[in-house]
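Trainee:
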Amino acid sequence: MNVIEVEKLTKIFKIPHEKKSTLFEYIIGFLVKSNSYENLYALNDVSFKVKKGEFIGIIGKNGSGKTTLLKIIAGIIKPTSGKVKVNGSVAPFLSLNFGFHGELTAKENIYLYGSLLGLSKEKIKQNIEKILSFAEVEKFQDTKLKNFSSGMVARLAFSVMIQTNPDILLLDEIFAVGDKDFVPKCLEVFKKYKKEQKTILFASHDLEMVQSFCEKTLLLENGKIRAFGPTKKVIDIYLNS
């Protein structure tokens, strides 16, 4: 059964050509309608399918469209054209800024982020000690998040996210800001999810990690699919391009 179907997906961002540096230039530009824009294709005619239980790697250079693709699948942004069909609950881990507030404590942010992910207040209350423990921030539960390192925030976000018990996880550079001691705990979660036939889309520059966990990989290049298939074969194409 396919849990994700992406069909002819295109996302265009309009980039202004002319940079206005003064108020006068803005006014003149508005009056004479002189603004011109360039179409930037973040994604261009992307199509693929993901089956239940598959771990799919997404690789490519910066700006190739990895994050944009995950955001569209998560429903955070809309495509310019094309379709995305998702069968199952989705938990995205795409940005450390999403769902958190620096002026709130770790404990308060757990309630905030958890509610955004669809967890009830009662469910969060039942699991808050488990969340703090898994993230290894029990001693800092009453500390404002603005005083946390990026690694601590990443641990907290991941800990909340896995409480949703999602069918599909969308992960974007999850280990880029995390610390090495936390990685094995994440990998244990992945192993558990693999046994439970969860589906994961994992965008990363860590090719070794992708090869370890993903049976198939999608290679994006300038917003287009360069290759999609067995991970080792796709990584070889990427390294030789």
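Sequential numbering from 4 applies to the sequence shown in the working numbering. Just so you know, even glycine gets a beta-carbon here, dropped at the ideal spot from N, CA and C. A quick note: this is a predicted structure, and the numbers were derived from the prediction, not measured.
Using DSSP's beta-bridge definition, name the partner residues of Leu-221.
Mentor: Partner(s): Ile-61, Phe-231.
Trainee: Going straight from the alpha carbon of Gln-166 to that of Val-6, what length do you get?
Mentor: Their backbone Cα atoms lie some 20 Å apart in a straight line.
Trainee: Check for me: the beta strand (DSSP E) holding Lys-88 runs from which residue to which?
Mentor: That run of the beta strand (DSSP E) goes 84-89.
Trainee: Identify whether Ser-123 lies in helix, strand or coil by the three-state DSSP scheme.
Mentor: Coil, per DSSP.
Trainee: Starting from Val-156, follow the alpha helix (DSSP H) in both directions and report where the run begins and ends.
Mentor: That run of the alpha helix (DSSP H) goes 153-164.
Trainee: Give me the residue from Lys-142, Asp-175, Gly-56, Pro-169 with the minimum Cα distance to Ala-157.
Mentor: With distances taken between Cα atoms, Ala-157 lies closest to Asp-175.
Trainee: Going straight from the alpha carbon of Gly-60 to that of Pro-95, what length do you get?
Mentor: Cα-Cα distance, rounded: 15 Å.
Trainee: If you run the structure through DSSP and keep just helix, strand and coil, what is Asp-209?
Mentor: Coil.
Trainee: If you count every other CB in all the chains shown that lies within 10 Å of the CB of Asp-170, and 16 or more means buried, which is it?
Mentor: Under this definition Asp-170 is a buried residue.
Trainee: How would you label Tyr-241, buried or exposed, when you count the other beta carbons within 10 angstroms and need 16 or more for buried?
Mentor: Tyr-241 is buried by the Cβ-count criterion.
Trainee: List the endpoints of the continuous beta strand (DSSP E) containing Ile-75.
Mentor: Premise fails: Ile-75 lies in the alpha helix (DSSP H), 69-77, not in any beta strand (DSSP E).
Trainee: For a quick check, are the C-beta atoms of Phe-103 and Leu-148 less than 8 Å apart?
Mentor: Yes, Cβ-Cβ distance for Phe-103 and Leu-148 is below 8 Å.
Trainee: Which of the three DSSP states, helix, strand or coil, is assigned to Val-140?
Mentor: It is coil, neither helix nor strand.
Trainee: Note the first and the last residue of the continuous alpha helix (DSSP H) segment covering Lys-194.
Mentor: Its alpha helix (DSSP H) spans residues 186-198.
Trainee: For Asn-47, which residues of its own chain have a beta-carbon under 7 Å away from its beta-carbon, when the five flanking residues on both sides are left out?
Mentor: So the list reads Thr-13, Gly-226, Lys-227, once near-sequence residues are dropped.
Trainee: Would Ser-50 and Glu-10 qualify as a contact pair, given that the criterion is a beta-carbon distance under 8 Å?
Mentor: It is a contact, given that the beta carbons lie within the stated cut-off.
Trainee: Looking only at C-alpha atoms, which of Met-4, Glu-8, Glu-41 sits nearest to Pro-19?
Mentor: The shortest Cα separation from Pro-19 among Met-4, Glu-8, Glu-41 belongs to Glu-41.
Trainee: Would you grab the beta carbon distance between Leu-204 and Leu-73 for me? Rounded to a whole angstrom, and I think it's under 8 Å.
Mentor: Right, the Cβ-Cβ distance comes to about 6 Å (below 8 Å), so this counts as a contact.
Trainee: Roughly how many angstroms lie between the CA atoms of Lys-201 and Phe-161, to the nearest whole one?
Mentor: Computed Cα separation, rounded: 16 Å.
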